[in-house]
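Reading through the structure tokens given below for one structure.
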Amino acid sequence: MADVEYVNLSINGQAVKGRKGQTIWQAAKDAGIFIPIYCYHPKMPPLGACRICLVEVEKTPKPQAACTTAIAEGMVVRTESTYAEKARGGVMEFLLINHPLDCPICDKGGECDLQNYAVEYGQSTGRFQEEKRHLGKALELGPTIALDRERCIMCQRCVRFGNEIVQDEGLIIIERGADSEIGTFPGKPYVSQFSGNVTEICPVGALTSRTYRFRARPWELKHTPSVCAHCSVGCNIEIDTRLGREVVRFMSRTNDAIDDGWLCDRGRYGYGFIHSEQRLRTPLIRKGGRLEPASWAEAFDFVASKLKTIKQEHGAQAIGGIAGTHSTNEELYIFQKLLRGLIGTPNIDHKHGSFGSIPAASIPAIHTATIEGLSTAKLIVLVGADPSDRQPIVELRIKKALKAGAKLAIIGPSLKALDRFATVRIPVAEGQVEAALNALLAQLTKSGAAKGLQTESIKTALDSLYEGYDAGTEFGAEVQQLAGLLEGADRITYLYDELTPDVAGNKDLVATLARLAVVTGQLGEAGVGIGRLTEDNNSWGALDMGITPGFGPGYTSTTQGLGYQEMLGAHGQTPLKALLVMGANPVKHLQELGLGGDAIANLELLVVQEQFLSETAERAHVVLPSSSFAEKEGTFTNTEGRVQQIAAAIQPLQGIAPDAAILLELASRLGAEVKTRNSQGLFDEITRVTPLYNGLSFNNLGQEGTLRPVARETRSETLPDWLQTSIRPTSEVLIGTANAELEQALEASGETPEKRG
Ligand code: SF4
Ligand code: SF4
Ligand code: FES
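Okay, so the sequence shown: first residue is 21 according to this note's numbering, each after it adds one.
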């Protein structure tokens, strides 16, 4: 790391050591000294528009804006002198000239910087006697945001959020001078999947969320730290409840390692379902062909006795379980423990069942990169991935890297939001992504740019494997162009979607990508490597906890059982007699895949733990109503393998229970002695039996969560070989694996990848 140069200055008589290049505001903040801001936002470049940050700087003729003035050696700054306070008082007076002073009916009242600083620096009476500017209230800018123009102080944070962060120019300034107001291009409403952020960064009550307006006052809110459950990024949120009873909004809870302080609208506004009338509020049991309300005792008795009978008559193999990828690690762990340990069946899986059936010698998944590391990448290559659609905040992290000078390359179908940012695009269909990677490898081999390879024999192997593979003919000039970029770039991050290898034509995509990363010498450092973009908030958790046939928690080898599609009879009838489903809707999923979905009609027992009467629940014999993520505690593991904690913001709605409690009660009815019922105890058990989670505890996950595995030593001693090459491997391990795979591939085929298909 480059040496940091320090600058010595004094702020309010306190000696401060700032970093060269910092502004007065930044140095003061680091030293714990408060200076008010409106237009400046720490995630955006300074503008110097509002002047509320004026301070006194010795030997300067006028007050200086702390957010734009760089610190200098020997500088003497005063933020609380009469001179500085008078300057800020003057600014406040101007800002309030046209302000309607309607705090009592403003949604921001109680958490508004204008209100707070007016109390701090403003005057109790105004000198402005003229008529204030009047504009219509609550202008609807788009589907999510309302604007009160009278309250706007023209700080331009909202406009710059569009220009600097999303780079979509969503909001603009219309008119000029005193008539300036925030708006949109004529006839174009404000539509952005990141729109809700402007309500958080607007320092006054000008921009408000249409869903939250007048739902609560700030002093009624209880704030609970949690994690968004709507995709695999795991952005940090604060769940705000009114009087601790009703969820009224989600706010960001900045985690620079993940979300950089932003939320997408899917996450921010994704809470309406929690209090939905459609939520299941009582167990249901099928009687006379109809699902009828039942008590919890009746439902548990029914399920336990049916399971015992089926096991007795048909054996444990006749029972199976499918869990979802939204459940907590603790719920998933208990789910498989109940099925494997208590009932004795190996038939356990989740939606992405193909993972578990991949031979242990190959690389089924790999991730070495981190979300934060994207900021330091110089070239980001999207490989069959569309983060804007599936992991939205990753789009903003990519755009941040591009602002800092990185380049973007895209291999795969057209991307609506990111195509225009790409330096190179290889526009191939989903099933041709692996072929395009092979073409790149061929091109790099031809140009002799295999900088990450270790031995002459491997270079020879690569030469033989790709000899005669004419990349140019198949994919055109873009391959040569991207190969040129790859050769020149020194910090490359490749991001692939976890579902792309499942598409026909891409079965060796992960191994091929690992080879490309090794060939381009891009592994083993922060900001470079391969990132696996998973689908749901706990897709990794489902794998880590052993919700897959053949692998127990921590990928320990266990008896191979039936997979997802086999259990569901996707190609015929289910071989099972009983199926337990937790937080998943396989009937709908199979219908979407064109694989039927009624093959489970002959089950003797279908038990579904769900929040709503899903397509699968509609077919169940017993439905058990379960809690949402806002009503329970536990942990999720995000797309980069970061384990984060969630907390209950409200009690489970009446009649509803968390999945872990349901499973533990069922275990108890099946004869198990249940010793641990709380999430902390369950997580402790997970960390004991799952090497990947060794060293973690509820108490040390911290505000930002913790990347697993914690210790490399633990990992190398206890994890299976293939896993060591998958989860943040050392570059040596991965290079060794990629080289071995290359040799094997060469030996097995003696052909070009083109011929191997
Ligand atoms: S609407 Fe809010 S964020 Fe936008 S310029 Fe006005 S005060 Fe600033
Ligand atoms: S990117 Fe994903 S985790 Fe983040 S707020 Fe959006 S849906 Fe939630
Ligand atoms: S915050 Fe410094 S000028 Fe606005």
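The beta-carbon is built from N, C-alpha and C at its ideal position, and this holds for glycine as well.
**Message:** Is it buried or exposed, Ser-559, if we count other Cβ atoms within 10 angstroms and call 16 or more buried?
**Reply:** buried
**Message:** For Asp-127 and Pro-223, I'd like the C-alpha separation in whole angstroms.
**Reply:** 12 Å
**Request:** With a 10 Å radius around its C-beta and 16 neighbouring C-beta atoms as the bar for buried, classify Gly-376 as buried or exposed.
**Result:** Per-residue confidence for Gly-376 stands at a pLDDT of 43, beneath the threshold of 50, marking its modelled position as unreliable; the derived number appears in the next sentence. Gly-376 is buried by the Cβ-count criterion.
**Request:** Name the two residues that bound the continuous beta strand (DSSP E) containing His-243.
**Result:** 241-247
**Prompt:** Rounded to the nearest angstrom, how far is the Cβ of Lys-398 from that of Asp-510, given a contact under 8 Å?
**Reply:** 6 Å
**Message:** Quick check: the Cα distance between Gln-34 and Pro-56, rounded to an integer number of angstroms?
**Reply:** 18 Å
**Request:** Label Gln-542 either buried or exposed according to how many other C-beta atoms from any shown protein chain fall within 10 Å of its C-beta, with 16 as the threshold for buried.
**Result:** buried
**Request:** Confirm, please, whether the CB-CB distance from Glu-113 to Gln-143 is below 8 Å.
**Result:** yes
**Message:** At a cut-off of 7 Å, would you count Gln-501 as near ligand 1, judging by its Cβ distance to the nearest heavy atom?
**Reply:** no
**Item:** DSSP-derived helix/strand/coil call for Pro-412
**Value:** helix
**Request:** With a threshold of 16 other CB atoms inside 10 Å of the CB of Ala-166, please say whether the residue is buried or exposed.
**Result:** buried
**Item:** Of the listed residues Arg-708, Arg-697, Asn-658, Val-730, nearest to Gly-254 (C-alpha basis)
**Value:** Asn-658
**Asked** Is Glu-635 near Gly-603, with beta carbons less than 8 Å apart?
**Response** no
**Asked** Between the stretch 86-105 and the stretch 206-219, do at least 3 Cβ pairs fall closer than 8 Å?
**Response** no
**Asked** Is Gln-411 near ligand 2, in the sense that its beta carbon is under 7 Å from a heavy atom of that ligand?
**Response** yes
**Request:** Give the straight-line distance between the Cα atoms of Val-401 and Leu-529, rounded to the nearest whole angstrom.
**Result:** 14 Å
**Prompt:** Is Leu-623 near Val-663, with beta carbons less than 8 Å apart?
**Reply:** no
**Request:** Kindly indicate which three-state DSSP category Ala-380 falls into: helix, strand or coil?
**Result:** Residue placement at Ala-380 is poorly supported in this model, since its pLDDT is 45, which falls under 50; the coordinates still yield a value, given next. Ala-380 falls in the coil class under three-state DSSP.
**Prompt:** To the nearest whole angstrom, what separates the beta carbons of Asn-183 and Lys-152, a pair I think is in contact under 8 Å?
**Reply:** Not really, about 29 Å apart at Cβ, beyond 8 Å.
**Prompt:** For Lys-775, which three-state DSSP category applies?
**Reply:** In this predicted model, Lys-775 has a pLDDT of only 40, less than 50, meaning its place in the structure is not dependable; the value taken from the coordinates is given anyway. In the structure shown, Lys-775 sits in a helix (DSSP, three-state: H, G or I).
**Asked** Do Ile-192 and Asp-369 have their C-beta atoms within less than 8 Å of each other?
**Response** no
**Closer than 6 Å: residues whose CB approaches a heavy atom of ligand 3** = Ile-57, Tyr-58, Cys-59, Tyr-60, Gly-68, Ala-69, Cys-70, Arg-71, Ile-72, Cys-73, Ala-85, Cys-87
**Prompt:** Does the Cβ-Cβ distance between Lys-326 and Thr-345 come in under 8 Å?
**Reply:** no
**Prompt:** CA-CA distance, Asp-439 and Ile-706?
**Reply:** 42 Å
**Request:** Report buried or exposed for Ile-670, applying the criterion of at least 16 other Cβ atoms within 10 angstroms of its Cβ.
**Result:** buried
**Message:** Less than 8 Å between the beta carbons of Thr-365 and Gln-337, yes or no?
**Reply:** yes
**Request:** Answer with buried or exposed for Asp-679, where buried requires no fewer than 16 other C-beta atoms within 10 angstroms of its C-beta.
**Result:** buried
**Asked** Rounded to a whole number of angstroms, what is the C-alpha to C-alpha distance between Ile-125 and Arg-169?
**Response** 15 Å
**Euclidean distance between Cα positions of Thr-244 and Glu-350** = 20 Å
**Prompt:** How about Ile-53 and Arg-108: are their beta carbons less than 8 Å apart?
**Reply:** no
**Request:** Note down, in chain order, each residue of its chain lying with its Cβ closer than 6 Å to the Cβ of Glu-25, except the 5 sequence neighbours on either side.
**Result:** Lys-40
**Asked** Just to check, is the beta-carbon of Ala-590 closer than 7 Å to a non-hydrogen atom of ligand 1?
**Response** no
**Message:** Quick check on this structure: which residue in Gly-197, Cys-175, Glu-586, Leu-563 has the alpha carbon closest to the alpha carbon of Ser-577?
**Reply:** Leu-563
**Item:** Opening and closing residue of the beta strand (DSSP E) in which Lys-49 lies
**Value:** Looking at the DSSP string, Lys-49 is not in any beta strand (DSSP E); the run it does join, the alpha helix (DSSP H), is 44-50.
**Message:** Shorter than 7 Å, the distance from the beta carbon of Pro-65 to the closest heavy atom of ligand 1, or not?
**Reply:** no
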